[in-house]
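Q: If you read the sequence shown in the numbering used here, its first letter stands for residue 4, the second for the next number, and so on. From the three backbone atoms N, C-alpha and C, an ideal C-beta is built for every residue, glycine too.
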Amino acid sequence: MVKEMVVYPDDRIMATGDVRGFDESVGKLFDDIIDTMKARNLEALSAMQVAHPFNMFVVKKDDEYLEFANPRILLKKDKFEAPESSSYYPGDLSVVVPRYAKMKIVYEDRNGETKYLDIDGDKKFAALFQQMMDFSLGGTMLDRVDKKQKEQFLNALEGKGLMPEAGEVCPTFSKKDYFVSFADKLLFLMGLSLLAPFFLAKDSLKTIYSVDKFIFPSVILLMIGFFIYAFYESKKYRQCSSCQVGNNIGVVIKRTALATILAIAVYFLYESKLA
4 MVKEMVVYPD DRIMATGDVR GFDESVGKLF DDIIDTMKAR NLEALSAMQV AHPFNMFVVK
64 KDDEYLEFAN PRILLKKDKF EAPESSSYYP GDLSVVVPRY AKMKIVYEDR NGETKYLDID
124 GDKKFAALFQ QMMDFSLGGT MLDRVDKKQK EQFLNALEGK GLMPEAGEVC PTFSKKDYFV
184 SFADKLLFLM GLSLLAPFFL AKDSLKTIYS VDKFIFPSVI LLMIGFFIYA FYESKKYRQC
244 SSCQVGNNIG VVIKRTALAT ILAIAVYFLY ESKLA
């Protein structure tokens, strides 16, 4: 099945992990990657580029589609410079990237069997392989060039009208993260207070118990504030994948559930000690 492509500035390509279980879904994803390559006339494509956060990709060599899962470069030498472009960056722009012509690779196939590959002198294939490795490590080819080249490339995107409007780009740091940070600190204090009944006298416990009673509603209010601000950002920054409502709901549920569990534990523990 042909998959929808992830393109800049979508940052979903930044989160990746190795394939752990080799079931039929791995083979299905490899098939989907190959179908997408054929449909879009691509010579290489990673799982990250079709919104699947796994360390796996396919590189076309002659008429064969070579599949790699969890690849590692054991040895590399013979550095050269390769002009590269990527389907992740629109506009058919290219940048010169330092690569290696000779490599020894270890990887797993779609069945989880360990394989080895020597790349020796085929610079085109070597460059494509390393570009896919960049995606599998949560980066892109721009992470391999100097700051000036990167700025020139991004400026060229902007000059072609391919960069989003400033108001549409999600900021690197969001103010909603303050809500989460403060809530996490309060949850840590609440968790720490569970140890107090084993070491402190009743008078001290009464004070801590009063503070815990304040912490629980504070965390709930912080999560409400977080969700309201996150919803605002999701409307303001349309290109921001981290502002998706589903992700924000997950943050709220996780911390609300933890606060509830800790509050219940504190209640029973302190009530029994103060009785």
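Which same chain residues end up closer than 6 Å to Lys64 when comparing Cβ atoms and leaving out the 5 residues on each side of it in sequence?
A: Phe128
Q: Sort Val22, Pro56, Phe219 by Cα distance to Tyr110 and report the nearest one.
A: That would be Val22, whose Cα lies nearest to the Cα of Tyr110.
Q: Helix, strand or coil: how does DSSP classify Ala72 here?
A: Here Ala72 sits in strand by DSSP.
Q: Looking at C-beta atoms only, is the number of pairs between the segment 59-78 and the segment 92-102 that lie closer than 8 Å three or more?
A: no
Q: Pull up the CB-CB distance for Arg102 and Gln52, whole angstroms please, since I reckon it's below 8 Å.
A: The pair is not a contact, with the Cβ atoms about 19 Å apart (cut-off 8 Å).
Q: Using beta-carbon positions only, say whether Phe182 and Tyr232 come within less than 8 Å of one another.
A: yes
Q: By alpha-carbon positions, which one of Phe201, Lys107, Met4, Phe229 ends up nearest to Leu277?
A: Phe201
Q: Determine the burial state of Ile227: buried for a count of at least 16 other Cβ atoms within 10 Å of its Cβ, exposed for fewer.
A: exposed
Q: Does the segment 15-35 touch the segment 44-58, meaning 3 or more C-beta pairs lie closer than 8 Å?
A: With a cut-off of 8 Å, the segment 15-35 and the segment 44-58 count as touching, because enough Cβ pairs lie within range.
Q: Grouping DSSP H, G and I as helix and E and B as strand, with all else coil, what is Leu45?
A: coil
Q: Is it the case that the segment 181-198 contacts the segment 207-225, given that we only count it when at least three CB pairs across the two stretches are under 8 Å?
A: Yes, they touch.
Q: In this structure, does DSSP put Asp293 in helix, strand or coil?
A: Residue 293 falls outside the range modelled here, since the chain spans only 4 to 278, and no answer is possible.
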